[in-house]
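What follows is one structure encoded as structure tokens, with my remarks underneath.
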Amino acid sequence: MSSSFDKYQKRRLVSSYFSVVLSIALVLFLLGLLGLLVLNAKKVSDHFKEQVVVTIYLKEAAKDVEIKQLEKSLAMSDYVKTTEYVSKEQAAESMKAENGEDFMEFLGYNPLQNSIDVHLKADYVTSEHLETIKDEALSKNFVDEVRYDNDLVTLMNNNVKKISFWVLMISGIFTIIAVLLINSSIRLSVYSKRFTIKTMQMVGATKHFIRKPFVWKSVRLGIVGAVVALIGMAVVLYYLNQTFPELNLLQSPILIAALFATIFVLGIVITWISTFIATQRFLNLKTDQLYY
1 MSSSFDKYQK
11 RRLVSSYFSV
21 VLSIALVLFL
31 LGLLGLLVLN
41 AKKVSDHFKE
51 QVVVTIYLKE
61 AAKDVEIKQL
71 EKSLAMSDYV
81 KTTEYVSKEQ
91 AAESMKAENG
101 EDFMEFLGYN
111 PLQNSIDVHL
121 KADYVTSEHL
131 ETIKDEALSK
141 NFVDEVRYDN
151 DLVTLMNNNV
161 KKISFWVLMI
171 SGIFTIIAVL
181 LINSSIRLSV
191 YSKRFTIKTM
201 QMVGATKHFI
211 RKPFVWKSVR
221 LGIVGAVVAL
231 IGMAVVLYYL
241 NQTFPELNLL
251 QSPILIAALF
261 ATIFVLGIVI
271 TWISTFIATQ
281 RFLNLKTDQL
291 YY
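Under full-length UniProt numbering, the letters of the sequence shown match residues 1 to 292, in that order.
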């Protein structure tokens, strides 16, 4: 009978520890994913900004040497990431592939112009910088026109600011929720031992002596939960890096290591503080209050 009861108690204890570890792991995992989002928010926004194309259309009379000089000066500019010369023949082939029809059969000639597609560095994708770049290109007498989607640029920059603000807000709120959830799990774990705590106190054990095993047990559970969360984060990070290699998510290993270390330390600190507060609360209760 006693052996059966002991096994039942052990199963309850293991179940309790498992639920605490799972709660800690899930919360830290989600917190870590949010941290990854915050760290890579600029990379993601920069990636989309750098997809904006500034197209410089050249006059028919433009000489090859002038075009090459323009390409070279653009490539050497601080604001340019890449340039690509697109002949009117290439433009016609691209349009034919997109529309599925050869428009030159109807017109009898190619109305398109030679052009240079310019991809800018993300920091320069603003209406002000684009207007300056446009004026500078139009100052060349062989440049006919400069086009870019100004409405898209304005919308993108506004959305990036809004998203950055809300990501920071959500990060703060989620951090508070994470602390409260872990604290709740730890309190429930300590609550099941409240009579043991009071019994030890009644036989003369000091608060520090009673509190110590509970704190160390919770810290160990916190370490296990943090390790599980870090494994999950590593798997997600690897998958995202393989799926979206252009984002270069592993380009800053020091920042990623710092995030992983922060999550690990949070698992220890939150469980330590939560257990300290929970045990202190039950240590200060009177015997008759333990039943409420």
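Here a beta-carbon is modelled for each residue, glycine too, at the ideal position from N, C-alpha and C.
With a contact defined as Cβ atoms closer than 8 Å, residue 142 and residue 66 qualify at about 5 Å.
Exclusion of the five residues before and after residue 275 leaves 186, 214, 215, 218 as the residues of its chain whose Cβ lies within less than 6 Å of its Cβ. Boundaries of the beta strand (DSSP E) harbouring residue 117: 115-120, taken from the DSSP string. Taking all protein chains shown into account, residue 176 has fewer than 16 neighbouring C-beta atoms within 10 Å of its C-beta and is therefore exposed. The continuous beta strand (DSSP E) containing residue 81 extends over residues 80-86. Runs of the alpha helix (DSSP H) lying entirely within the region 148-210 and spanning at least 4 residues, in chain order: 150-191, 194-202. For residue 65, the enclosing alpha helix (DSSP H) begins and ends at 64-75. Excluding residues up to 5 positions away in sequence, 110, 112, 113, 114 lie with their Cβ nearer than 7 Å to the Cβ of residue 88 in the same chain. A straight-line Cα-Cα distance of about 12 Å links residue 259 and residue 29. Residue 221 carries a helical assignment under DSSP once its states are collapsed to helix, strand and coil. For residue 243, the three-state secondary structure derived from DSSP is helix. The distance from the Cβ of residue 79 to that of residue 47 is about 17 Å, inconsistent with a contact at the 8 Å cut-off. Between residue 173 and residue 31, the gap from beta carbon to beta carbon reaches 8 Å or more.
Within the same chain, Cβ atoms closer than 6 Å to the Cβ of residue 119 are found at 50, 81, 82, the five residues on either side in sequence being excluded.
Under the three-state reduction of DSSP output, residue 89 falls in the helix class.
Per DSSP, the unbroken beta strand (DSSP E) holding residue 55 starts and ends at 53-58. Classified as exposed, residue 243 has fewer than 16 neighbouring CB atoms from the shown chains inside 10 Å of its CB. For residue 145, the closest of 60, 197, 200 by C-alpha to C-alpha distance is 60. Within 10 angstroms of the beta-carbon of residue 261 lie fewer than 16 other beta-carbons, which makes it exposed.
A Cβ-Cβ contact shorter than 8 Å links residue 33 with residue 233.
Straight across, the Cα-Cα distance linking residue 138 with residue 245 is about 36 Å. Residue 143 has 58 as its beta-bridge partners, per DSSP.
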